[in-house]
Amino acid sequence: MKVLCLFNKVMGSAIQEIEKGNGHDSWLFGMLRLRKFGIDTDSLEIEKYIPRKFAGFLRRYILTMHYAHIPLFPFFFRYDVVFTSTAYGSLVLKALFNIKSFKWVILDFNLLGTLQKRTTVKQKIFDWAVRKGADGIVAISQAEADALKLHFPNLKDRIIFLHETTDTKFFAPMNIKESNQIVTVGNYGRDFDTVIKAIEEIDVNLLIVGKFSKEKAAKLPPYVKSTQLTQNEIVRAYAESKIVVVSLCTDDSYFDSVGTLSLGEAMSMGKATIVTHTKSMKSYIYDGINGIFVKKEDVTEMRNAIVYLLKNDTKRRDMGQKAREFALQKLDPDTFAKHLAIFLKSVI
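To get the numbering used here, take the position in the sequence shown, counting from 1, and add 109.
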């Protein structure tokens, strides 16, 4: 069985490094691990066939994320399954020509968010393509899986929920002293303002690992530092921090996966984590046990949660330990790949 994995970023060199044993494979969502379960996997990018600069131009101005794989479509017939979170443009072609020679399985991070209420022509076309061309969907929260089954009743028996992967060997607890610091990691959908306001009167520093303009970074209060770090540096930042915060600007009813990647990293590091409540996050956090939920943009709840964990070392460490246990049990890429392999074989 041959599976083609398509990514929304250029991953070729990163995959080569991971195959050499460098870095982590959380971003590959089981691609390399599937091989342990009798599935041959591969990836394709236009950079493999045309000069990199020209490919970059196409990606930026013509072939955006959902269309970057269309020139590679003839190669898809070499595989039994295409597994991807992107490439909707190619899925439209599969549906349009009613192609059955290979299956299409969607890794869903924000499918319903992309489709929304199907008010635009593009949304209506994508919705039709999923109904007509998709052969299965893997959602990374139970709430999303349940919503998808209602939205796509023709696929309800081929929609499953698997926790998002985290390389639990790379993101592992370190035996170093914690500093008087909390950390938040990420860019998309983040609410840094609530965290900054919450710690105004608390004796603790905040490290934001994310993109900030020089102008905005210059206006941050002295107890807040923003930076960008390598993956190895991020691991150390987690280890040195007493608390991890995943503060989101998304609604409580949101099904999107925003924040789950950094949450998984924090849990795998054995850190007590404070998380903005969303329906998707309920598949990862047991409130008060392996993390703490707070309401969106609620400064008081955020402050109370931070103070509680800073004052209760035993509870903080116990919560971190339970988070680590959850990560080992639910988030490890081998676990993801094992269940994904079973699902892909059932689709075939």
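For each residue, glycine too, the CB sits at the ideal point set by N, CA and C.
Here the structure is a predicted model, which means the values were calculated and not measured.
Identity of the residue in the options nearest residue i by Cα
| i | options | result |
| --- | --- | --- |
| D189 | K111, I171, E324 | K111 |
| A196 | F186, K351, V214, I208 | V214 |
| T423 | R142, A446, I398 | I398 |
| A307 | K404, I249, V318, K231 | K404 |
| T409 | E309, T336, I127 | E309 |
| G222 | K212, F211, F235 | F235 |
| L372 | D365, M390, D360 | M390 |
| Q225 | F206, L205, L257, G121 | L257 |
| P442 | L143, S366, F261 | L143 |
| V333 | D255, D365, E374, N289 | N289 |
| H386 | R433, S356, Q340 | S356 |
| K388 | K320, I305, A248, K454 | A248 |
| I246 | I268, L259, R433, A238 | I268 |
| V119 | K129, T173, I148 | T173 |
| P53 | A446, S455, V344 | For residue 53 there is no data in the structure shown, the boundaries of the chain being 110 and 457. |
| V201 | N341, P331, I171, A238 | A238 |
| V294 | A254, A348, D266, E324 | A348 |
| F261 | R433, L220, N341, I451 | L220 |
| R168 | Q430, N117, A327 | N117 |
| D302 | F280, F166, K325 | K325 |
| N413 | Q430, V304, F321, Q438 | V304 |
| M428 | F445, D396, T444, I451 | D396 |
| D217 | E253, L205, K203 | E253 |
Three-state class that DSSP yields for residue i in the structure shown
| i | result |
| --- | --- |
| G298 | coil |
| V355 | strand |
| L216 | strand |
| A281 | coil |
| A196 | coil |
| S335 | strand |
| V190 | strand |
| F235 | helix |
| D443 | helix |
| D422 | helix |
| D255 | helix |
| M376 | helix |
| P262 | helix |
| F452 | helix |
Cβ-Cβ distance between residue i and residue j below 8 angstroms
| i | j | result |
| --- | --- | --- |
| L440 | T229 | no |
| H133 | L271 | no |
| L181 | I159 | no |
| T336 | V318 | yes |
| G298 | T339 | no |
| V191 | L137 | no |
| F184 | F211 | no |
| V384 | D244 | no |
| I148 | L453 | yes |
| I124 | S152 | yes |
| E374 | F280 | yes |
| D300 | E406 | yes |
| A436 | T277 | yes |
| G379 | Q438 | no |
Nearest-angstrom beta carbon gap, residue j and residue i [assumed within contact, 8 angstroms]
| i | j | result |
| --- | --- | --- |
| V354 | I291 | 6 angstroms |
| G400 | T382 | 5 angstroms |
| A346 | L370 | Not a contact, Cβ separation roughly 15 angstroms. |
| N263 | R227 | Actually they do not touch by this definition, with Cβ atoms about 16 angstroms apart. |
| F364 | S194 | That pair is no contact at about 14 angstroms. |
| N284 | K320 | Actually they are not in contact, since the Cβ atoms of N284 and K320 sit about 31 angstroms apart, beyond 8 angstroms. |
| I311 | V416 | 6 angstroms |
| H175 | G139 | That belief does not hold up - the Cβ atoms of H175 and G139 are roughly 22 angstroms apart, past 8 angstroms. |
| K145 | G121 | The pair is not a contact, with the Cβ atoms about 22 angstroms apart (cut-off 8 angstroms). |
DSSP beta-bridge partners of residue i
| i | result |
| --- | --- |
| L314 | Looking at the sequence itself, residue 314 is Asn, so the reference to Leu does not match. According to DSSP, which records beta bridges pairwise, N314 is partnered with Q290. |
| A381 | I352 |
| D151 | L113 |
| F182 | Paired residue(s): none; F182 is not in a bridge. |
| G245 | V214 |
| I401 | I383 |
| I269 | V247 |
| D396 | G400 |
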